[in-house]
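Oh and the sequence shown: position 44 is 69 in our numbering, straight run, nothing missing.
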Amino acid sequence: MARPLTPLLWLLFSAGGTVAAFLFPVHALLFGLAFPLGWLEPPGYEGLLGLLHHPLTRLYLFVFICLPLFHWAHRFRYTLYDGLQLKHLFGLIAALCYGTAFALSAVAAYVLWGVP
Numbered sequence: 026m027a028r029p030l031t032p033l034l035w036l037l038f039s040a041g042g043t044v045a046a047f048l049f050p051v052h053a054l055l056f057g058l059a060f061p062l063g064w065l066e067p068p069g070y071e072g073l074l075g076l077l078h079h080p081l082t083r084l085y086l087f088v089f090i091c092l093p094l095f096h097w098a099h100r101f102r103y104t105l106y107d108g109l110q111l112k113h114l115f116g117l118i119a120a121l122c123y124g125t126a127f128a129l130s131a132v133a134a135y136v137l138w139g140v141p
């Protein structure tokens with residue numbers, strides 16, 4: 026991997042970890058406990074679909090999905106390097122990990138911006 030990409034990859038790793046640490050628990054609490062148990066009134070389908078039509082909501086969901094994917098890619102890459110000692114496959118592992126994160130980010134963008 027080219028040396029100038031390293032700071033960008035570490036930035037995506039840390040941003041993805043921050044998103045995962047701060048935003049995932051809130052969504053899990055709301056959609057996993059508060060709404061199903063009746064602590065809060067759940068939003069209806071029409072309300073959520075109306076919210077999804079707003080561009081800022083789509084951008085938020087894109088960031089919410091994509092940054093943790095790059096966090097995963099970076100963590101998994103170094104797990105393979107250090108944990109399984111696959112350092113001889115440096116380029117292939119990096120391409121597969123970050124390529125998967127990029128491809129899934131493209132799928133997320135396609136789905137989010139394709140909602141009517």
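Just so you know, even glycine gets a beta-carbon here, dropped at the ideal spot from N, CA and C.
query = Taking Tyr135 as the reference, which of Cys91, Pro29, Gly57, Arg100 has the closest Cα?
reply = Among Cys91, Pro29, Gly57, Arg100, the Cα nearest to that of Tyr135 is on Cys91.
task = Confirm the yes/no value for this check: CB of Leu73, any heavy atom of the ligand PLP, distance under 6 Å.
result = Absence of the ligand PLP is noted for the structure shown, with no ligands found whatsoever.
message = Taking the straight line between their C-alpha atoms, what separation do you get for Gly57 and Trp35?
response = Gly57 and Trp35 have their C-alpha atoms roughly 31 Å apart.
ask   = Among Thr82, Leu137, Leu76, Ala126, which has the Cα closest to the Cα of Arg100?
value = If we check each option's Cα against that of Arg100, Ala126 comes out closest.
inquiry  = Please tell me whether Leu84 and Val140 are closer than 7 Å, where the distance is taken between their beta carbons.
reply    = Cβ distance not < 7 Å, so Leu84 and Val140 don't count as in contact.
Burial state of Gly41, where buried means 16 or more other Cβ atoms lie within 10 Å = Buried, since its Cβ has 16 or more Cβ neighbours within 10 Å.
query = Helix, strand or coil for Trp64 per DSSP?
reply = Trp64: coil per DSSP, three-state reduction.
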